[in-house]
Each structure stands twice: as structure tokens, then as C-alpha cells.
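In terms of the numbering used here, the sequence shown opens at residue 49 and continues consecutively. Backbone N, C-alpha and C define an ideal beta-carbon position, used for all residues, glycine too. Owing to the predicted nature of the structure, the values given are computational and were not obtained by experimental measurement. Just below is one structure, and these are the notes that go with it.
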Amino acid sequence: MADALVIDGLTKDYKVGFWRPRPYRALDGLTLSVAPGEVYGFLGPNGAGKTTTLKLLMQLVSPTSGRIEILGRPPGDVSVKRRIGFLPENPYFYDYLTAEELLRYFAGLFGYRGADADARVTRLLDELKLGAERRMALRKFSKGMIQRVGIAQALINDPELIVLDEPMSGLDPLGRRDVRELILRLRNEGRTVFFSSHILSDAEALCSRVGIVARGRLVASGAVSDLVPFGVKGWEAVVEGLDAAARAQLSPAPRALHPIAADRCALDYPADVTPQAIVEAITRAGGRLVSLSPLRDTLEDFFVSHVNAADWERLGPQ
Ligand SMILES: Nc1ncnc2c1ncn2[C@@H]1O[C@H](COP(=O)(O)OP(=O)(O)OP(=O)(O)O)[C@@H](O)[C@H]1O
Ligand SMILES: [Mg+2]
Numbered sequence: 049m050a051d052a053l054v055i056d057g058l059t060k061d062y063k064v065g066f067w068r069p070r071p072y073r074a075l076d077g078l079t080l081s082v083a084p085g086e087v088y089g090f091l092g093p094n095g096a097g098k099t100t101t102l103k104l105l106m107q108l109v110s111p112t113s114g115r116i117e118i119l120g121r122p123p124g125d126v127s128v129k130r131r132i133g134f135l136p137e138n139p140y141f142y143d144y145l146t147a148e149e150l151l152r153y154f155a156g157l158f159g160y161r162g163a164d165a166d167a168r169v170t171r172l173l174d175e176l177k178l179g180a181e182r183r184m185a186l187r188k189f190s191k192g193m194i195q196r197v198g199i200a201q202a203l204i205n206d207p208e209l210i211v212l213d214e215p216m217s218g219l220d221p222l223g224r225r226d227v228r229e230l231i232l233r234l235r236n237e238g239r240t241v242f243f244s245s246h247i248l249s250d251a252e253a254l255c256s257r258v259g260i261v262a263r264g265r266l267v268a269s270g271a272v273s274d275l276v277p278f279g280v281k282g283w284e285a286v287v288e289g290l291d292a293a294a295r296a297q298l299s300p301a302p303r304a305l306h307p308i309a310a311d312r313c314a315l316d317y318p319a320d321v322t323p324q325a326i327v328e329a330i331t332r333a334g335g336r337l338v339s340l341s342p343l344r345d346t347l348e349d350f351f352v353s354h355v356n357a358a359d360w361e362r363l364g365p366q
């Protein structure tokens, strides 16, 4: 099946400076593709070029060079516009409408009327947990509530491809969980989701593949399981009841010890010490084990090392 999204050599120069405008390359030869039914996380530090890419997909800015194909067609194609949904980075809506009125308006733009439009609006507002406040003017909405309206707006036309710029932005932990579940629901329905994010744990939990962009270039991409090795890097044991002398007697000795509270500390053991040996060492020293967890590389470790490497490449060796 053809890719849902193809980005090929996409480059964007912004003109900066008033008197002597010169180009600033925000995006430099970005190439990636997203298969139908995939949830793709587009990650990168501030200023990396994520929003620029999403605006180029939506034709809100025009590319300097490169090619985009959405659902097998050029992005300007009217038939494509009906099949995609978009959440901008900072959604801003007409303040005097209520959430319900706004969504009914967007439903109308896609040709839904009457009971069909009402049912769509109600279902999305329910799903995004906007209760009685749906009848309140949007100017009274908090940032997180506006974000939920923005996501509902992006889904009003049952899009096949959903492009979301920082969908978790401004949401509290419950809101983030709701949006995570919503993205999984969209995936289970066979839709394609392309979203930018800074929240790496969300990307790790949701995405089949991720791409990391830094300084306008793709610095890494692939399945999260390929980027982040699943091997255990070590063990962290949280223990209680060990005084300084007992801590010094632990055998095998941990490679590091971090005090947490008066009677509690975390012991860091290397991967080659077995969990049994750790439990026995703690018991022999007279301590109580509170928890024992494997230490693994996370997407965050991977992200930090690749973004730093991109910085290093730009600066060059000193
Ligand atoms: N209209 C513009 N004119 C000039 N430069 C711009 C313009 N829009 C963005 N830029 C620059 O392009 C670069 C990429 O910006 P972009 O908004 O795409 O980053 P981002 O990855 O979305 O960052 P964030 O995580 O902060 O949202 C930045 O250096 C930014 O200053
Ligand atoms: Mg952005």
C-alpha cells in the first residue's frame, strides 16, 4: 500500500533581517515517510523545525525545495484536504463562540448538517471530557481546555491522516492519558497519526516509529525498539534500615549509593550482579528491600545523545 505521508528532501529558508534580508535554513533536506495505520512521533528540541515541517504539510508556508505527498497526492489537492485533520501548535479560536458552536461550525465546513453534525460534536466533546463547559464561551477556557477543543476540531471530519503539533501541550496528567487513549483508538481504527512532541515517554508508549529532528535535519529514525536497546543496564534497589556502617558492609558493594530520606537510600548495582545476590546482600546487612527495578535506556537517553551529537557536528571540534 502507498505511504500515507512522504516527505522528500524538504528544505525551508525563512528570510530574516529587515534591511538586508538573508535566508535562515529552518529545515534542511528532511526525508521521511509514514505508512498507513502508523503512529509516527516527530521529536526534536525547541527550534528544531517541527512546526515548520507541519506547516509545510498543511501549506501554511511554502517550501524552498523538496516534495510532499499526502495520501498519494500533492498537498494542495482538495480531495486530500477532506481526508486530513490538523491541530496547530497554539490553537486560537473565535472567542465568543462556545466549544459546541465552534465544532458545529467546523462540521458544517465539511458538509455535515443537522443530527449528524450534532452527534459528531457530542461524541468528540464527550471523548475529550469537555462536560457542561462546552456551552461556555471559549474566551473563558483554560489552555488545556482549548487544547482539547483543538483536538476535537482536528477529528471532526473522521480524517484518515491526523497531523498534531504538540497534542499533549498544556494538558494535565489526566488530559494526557485521555489523549493517549484517543490516539490509540485512532490507530486501532486504522488511521494514521503524525504528531510532534517533547514528551518522550508518550512517544515511547504510542509510536510505532519516531524521527528525531535537530537543527532542521533528521538525526535518527526508526522503531523505538530499534533505537532503544532493551538490555538491562543495571539495577536500582531502594532499601530502608541500613545505617552508615551497614551500608559500607554491603557485599557485593553497589557502584553508587544515593540517600533519598533519613532511613532510605537507593543502591545502584551493575547488570552482571543478579537480583538474588542484591536481595541477599541487603538482607545480610539487616536492611529491608522496598523495591528493585531494572535500569534501561529510555528514548530520553537516546534523544539527549543524538541531539547533543547534532550540536557537536554544527560546532565542530574545538
Ligand atoms: N516565520 C519565521 N521567520 C523566521 N524564522 C522562523 C520563522 N518560523 C520559525 N522560524 C525559525 O525556524 C526554526 C524552527 O522553528 P520551528 O517553529 O519549526 O521549531 P519547533 O521544532 O517547532 O520548535 P518548538 O519545539 O519550540 O515548537 C527556529 O529557529 C525558528 O526561530
Ligand atoms: Mg513547534
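Query: Contact shell at 7 Å, judged by CB to any heavy atom of ligand 2, ordered along the chain; Result: 98, 99, 137, 213, 214 and 244
Query: Neighbourhood of residue 339 by C-beta distance below 6 Å, restricted to the same chain and skipping five residues each side; Result: 286
Query: Residue 168 burial status per 10 Å Cβ neighbour count (16 or more: buried); Result: buried
Query: Buried/exposed call for residue 297, threshold 16 Cβ in 10 Å; Result: exposed
Query: Same chain only: Cβ atoms within 6 Å of residue 132, ignoring 5 sequence neighbours per side; Result: 207 and 209
Query: Status (buried if at least 16 other CB within 10 Å, exposed otherwise) for residue 269; Result: buried
Query: Under the three-state DSSP convention, the category residue 191 falls into; Result: helix
Query: Residues bridged to residue 62 [DSSP beta-bridge criterion]; Result: 72
Query: Residue 200 burial status per 10 Å Cβ neighbour count (16 or more: buried); Result: buried
Query: Top-ranked residue by Cα proximity to residue 193, from 258, 227 and 88; Result: 227
Query: Residues that DSSP places opposite residue 141 in a beta bridge; Result: The partner list for residue 141 (beta bridge, DSSP) is empty, contrary to what the question assumes.
Query: For residue 231: DSSP bridge partner residues; Result: According to DSSP, which records beta bridges pairwise, residue 231 is partnered with nothing at all.
Query: Beta-carbon proximity check, residue 252 vs residue 347, cutoff 9 Å; Result: yes
Query: Residue 90 in three-state terms, based on DSSP; Result: strand
Query: Simplified DSSP assignment, three categories, for residue 352; Result: helix
Query: Distance cut-off 8 Å: residue 142 Cβ against heavy atoms of ligand 1; Result: no
Query: Opening and closing residue of the alpha helix (DSSP H) in which residue 129 lies; Result: 126-129
Query: Euclidean distance between Cα positions of residue 181 and residue 77; Result: 44 Å
Query: Nearest candidate by alpha-carbon position, reference residue 345, set 126, 334, 249 and 280; Result: 280
Query: Three-state secondary structure assigned by DSSP to residue 179; Result: coil
Query: For residue 79, the three-state DSSP class (helix, strand or coil); Result: strand
Query: Supposed close pair residue 196, residue 212 - CB separation, criterion 8 Å; Result: Wrong, their Cβ atoms sit about 12 Å apart, outside the cutoff.
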